[in-house]
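The next block holds one structure in the form of structure tokens; read it before the comments.
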Amino acid sequence: TRVVAWLSLTLRSARSFCRARFAEGQSQGPLNPAAMENCTGPRAEERPREVPETTVTEGAAKIAFPSANEVFYNPVQEFNRDLTCAVITEFARMQLGAKGIQIKVPGEKDVQKVVVALSEQEEEKVELKESENPAPGDQPRTAIVGEICEEGLRVLEGLAASGLRSIRFAREVPGLQSVVANDASARAMDLMRRNVQLNDVAHLVQPSQADARMLMYQHQRVSERFDVIDLDPYGSPAPFLDAAVQAVSEGGLLCVTCTDMAVLAGNSGETCYSKYGAMALKSRACHEMALRIVLHSLDLRANCYQRFVVPLLSISADFYVRVFVRVFTGQAKVKASARVKFSAACGPPVTPECEHCGQRHQLGGPIWAEPIHDLDFVGRVLEAVSTNPSRFHTSERIRGVLSVITEELPDVPLYYTLDQLSSTIHCNTPSLLQLRSALLHAGFRVSLSHACKNAVKTDAPASALWDIMRCWEKECPVKRERLSETSPAFHILSVEP
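So the sequence shown is numbered by the working numbering: it starts at -1 and just counts up by one.
The structure is reproduced here in structure tokens:
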């Protein structure tokens, strides 16, 4: 009772105090504007405070954004942005080199390697002979960072936020005609305009406020398409892929980031199927499978418009996957994207249970089964980053990832992991060197994978791999009496190698 009475008394006191303050304000009349300006009036303290800003320098760009993080900035994605700048630079070198235009990258000693960087098909279009000394009027055209190249690349960043990525393109990538930094948020639009002015790239970067899908749908005409489209959404890029494959030019570059790894890694197979058209398996090779699911989804959407994709680089890093693909048009290639044979009244090629472990099969996919990298293009990017390490803050990591990618087996989908193999038969884990040596001595090819440090990619069949594990188990025997007769380990170890 005392508590209730005290609360009632407190509420009455608060009401009386508020009425008194309101009456006091009414008796004072309207406020003096001069007093408000000088912060001397009775309500001067109610002026909204200015939000403090934070300035971040990344690469050659300087970005200002509210300290309250109203527009998202993720420093972990610096590796993603650095790698994208490196890939687009080599793509620009390749595209403009076919037109006889050389690009100049800050920090590079010479641009004469442009001829070496061209593919065999594009090399026929360019006739630059080092032995000749052209006249002053016949000097090859050059493209410099920060300058408009009339025959350069048209770039679109569909979800630009603060505009950091677009500004870095303008200040670090040569051979650009224009960069459209788009975002649907009005706050992001205002912030982009300020950052564009802050970095003096208004002549290259065009801020845009629109729905990314509608903007790309409005650029479906051949003359209006973008040479490079970068999509880095928060979550799944699935809603934007259909518009993206139509808005990129012939042979253009499409860069896509997927951060919904929980879906792509198999935690929700039905959600993955609804977004990407494939069932993800919850396995140790989930990171590479996520890459192949995204590539399959891109190719599937491109096939609807008689187009197909050619992967240049596909990586799994941190909490996301990132793919760089070129998009081409061709009905014959589109038909080759679906090489599935069907025969009536034929049974499945496998038994209901696995022939090795006796367990039920897990069905996933469909996934991209072709190579996920263009090793020639990856080698060019690796060479450019290695010869100019001061260009990016994450150059060392880029070199490490690309070096492993160049050694991957291109025609072997997915991989095995050491802990997966050893835990299946409940034995000690062999070293990576021991397993690789056994596979090599058996006559099979073997490599590492950039997606997992304990992974092994090999063209050896599963039967050969389990034979090697049976031999390893004899060196470190397990207690057979503890194994259940229905366990995978019992079925595998019951067969002699």
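For each residue, glycine too, the CB sits at the ideal point set by N, CA and C. On a predicted model such as this, the values are computed, not experimentally measured, just so you know.
Between the C-alpha atoms of residue 151 and residue 237 there is a straight-line separation of about 25 Å. If you look at residue 179, you'll find it in the beta strand (DSSP E) that goes 174 to 180. Residue environment for residue 205: buried (at least 16 other C-beta atoms within 10 angstroms of its C-beta). Residue 59 is not a Cβ neighbour of residue 53, given a cutoff of 7 Å. Looking at the DSSP output, residue 253 shares a beta bridge with 228, 322. Our two residues, residue 162 and residue 102, have alpha carbons roughly 22 Å apart in a direct line.
Residue pairing by DSSP puts residue 153 in a beta bridge opposite 177, 226. Residue 88: member of the alpha helix (DSSP H) spanning 76 to 95, first to last residue.
When the Cα atoms are used, residue 77 and residue 389 turn out to be separated by approximately 12 Å. For residue 442, the secondary structure class from DSSP, reduced to helix, strand or coil, is coil. Restricted to the segment 399 to 444, the alpha helix (DSSP H) segments that are unbroken, complete and at least 4 residues in length are 416 to 423, 430 to 439, listed in chain order.
Residue 324 and residue 414 have their C-alpha atoms spaced approximately 29 Å apart. In this structure residue 295 is buried. Its beta-carbon is surrounded by 16 or more other beta-carbon atoms within 10 angstroms. Taking the Cα positions, residue 82 is about 21 Å away from residue 241. Scanning 171, 139, 64 for the CA closest to the CA of residue 57 turns up 171. When C-alpha distances from residue 262 are compared across 459, 233, 485, 441, the shortest belongs to 233.
Counting only residues of its own chain and dropping the five nearest sequence neighbours on each side, residue 175 has a CB closer than 7 Å to the CB of 146, 147, 148, 150, 151, 152. Assignment of beta-bridge partners to residue 141 by DSSP yields 101. Here residue 368 carries a coil assignment [DSSP, helix/strand/coil]. Excluding the 5 residues flanking it on each side, residue 280 has same chain C-beta neighbours closer than 6 Å at 264, in chain order. Between residue 227 and residue 243, the gap from beta carbon to beta carbon reaches 7 Å or more.
Apart from sequence neighbours up to five positions away, the residues of its chain that approach residue 84 with a beta-carbon distance below 6 Å are 379, 383, ordered along the chain. C-alpha of residue 333 to C-alpha of residue 372: approximately 21 Å in a straight line. Put simply, the backbone Cα of residue 444 is about 10 Å away from that of residue 405.
Residue 205 carries a strand assignment under DSSP once its states are collapsed to helix, strand and coil. In this structure, DSSP gives residue 197 a state outside helix and strand, which the three-state scheme calls coil. DSSP places residue 272 in no beta strand (DSSP E) but in the uninterrupted alpha helix (DSSP H) bounded by 267 to 274. Sequence-distant partners of residue 434 (beyond 5 residues in either direction) whose C-beta falls short of 8 Å from its own C-beta, in its chain, are 444, 454. For a cut-off of 8 Å, the C-beta gap from residue 203 to residue 184 is around 18 Å, too long to register as a contact.
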